[in-house]
Every structure is written in C-alpha cells, then in structure tokens.
Amino acid sequence: MIEAYNTAETAVTAGQQAPLTAYSLHCDKENVSLNGNTLTINEPGTYFVSADFVFAPTATTAEVQMLVNGVTVPEATRQIAATAAANTMLHTQHVISVPCCCPANANTVAFVYPEAGTQSAADVIVQRVS
Numbered sequence: 060m061i062e063a064y065n066t067a068e069t070a071v072t073a074g075q076q077a078p079l080t081a082y083s084l085h086c087d088k089e090n091v092s093l094n095g096n097t098l099t100i101n102e103p104g105t106y107f108v109s110a111d112f113v114f115a116p117t118a119t120t121a122e123v124q125m126l127v128n129g130v131t132v133p134e135a136t137r138q139i140a141a142t143a144a145a146n147t148m149l150h151t152q153h154v155i156s157v158p159c160c161c162p163a164n165a166n167t168v169a170f171v172y173p174e175a176g177t178q179s180a181a182d183v184i185v186q187r188v189s
C-alpha cells in the first residue's frame with residue numbers, strides 16, 4: 060500500500076492537479092510510485108484507490124476528478140455545492156485493474172480540480188487487492 064499526501068495549504072488554479080508532496084510506502088509488495096502529482100502503478104493486479112481532499116473553492120462548487128491514464132473516470136468524480144472559500148471535504152474511490160500481459164503499460168492516477176481554490180489537505184491511498 061502506498062499513501063500519498065499533502066498537508067500544506069496550497070492555492071490551485073482551475074484544471075490543476077491536486078498537489079501531492081510526499082508519500083509513505085507501507086508495504087513493498089506494490090510497485091506504485093509518486094511522480095510529481097501522479098501515482099504510477101507498474102505491477103499487474105487489481106488496486107483500490109481511495110482519496111480524500113479538503114478544498115475551499117473560489118466559486119460555489121467543490122469538485123475533484125480522478126484521472127486514470129489521463130482520462131476522467133466519471134464514477135470517481137465528486138462534486139458538492141459549497142460556500143465560496145469554505146473548506147469542503149471531498150471523497151472518491153475507484154478500483155483499477157492493470158492487466159498482467161502488459162506491465163510496460165503502467166496505469167497513472169491523478170486528481171484534478173476543475174475550479175480554482177485552496178487545497179488544505181490531500182490523502183490518497185492505493186492498495187493492491189489481488
């Protein structure tokens with residue numbers, strides 16, 4: 060299991076990836092790495108991705124989108140009506156399957172804020188389940 064996080068308050072622009080500044084590897088059985096703000100899954104298997112964000116939008120919508128290989132995952136997009144500049148908790152999760160035939164085709168996972176605002180905290184966990 061790998062946990063990527065950021066506890067520093069960070070201003071983000073619309074369309075910016077959620078800043079992830081550090082990570083902790085809780086088990087060396089997964090081949091998952093943090094490259095900038097993107098997690099890369101290099102090992103075949105099934106992975107459970109769970110993410111929590113504290114975000115204060117500049118407008119009235121707090122939203123985070125999960126991208127797998129650069130493509131938005133609709134069922135992993137979370138949007139909440141919010142008060143501008145007020146901290147809002149966003150949670151999303153998704154299961155990702157990396158085929159065993161194609162280890163060279165790593166899966167990347169990133170999170171994007173469609174609206175500008177301030178991220179106060181981010182915590183992303185990727186755990187291999189099979």
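Quick note: the sequence shown uses our numbering, first residue 60, plus one each step.
C-beta: ideal position from N, C-alpha, C; glycine also.
Just so it is clear, the structure is predicted and the values come from calculations on it, not from any experiment.
**OP:** Decide if THR142 is buried, meaning its Cβ has at least 16 other Cβ atoms within 10 Å, or exposed.
**Re:** exposed
**OP:** Take the Cβ of ALA169 as the centre, count every other Cβ of all protein chains shown within 10 Å, and call the residue buried at 16 or more, exposed below.
**Re:** buried
Original post:
From HIS150 to PHE114, what distance separates their C-alpha atoms?
Top reply: 11 Å
Subject >> Euclidean distance between Cα positions of ALA81 and MET60 >> reply: 14 Å
**OP:** Starting from GLU62, follow the beta strand (DSSP E) in both directions and report where the run begins and ends.
**Re:** 61–65
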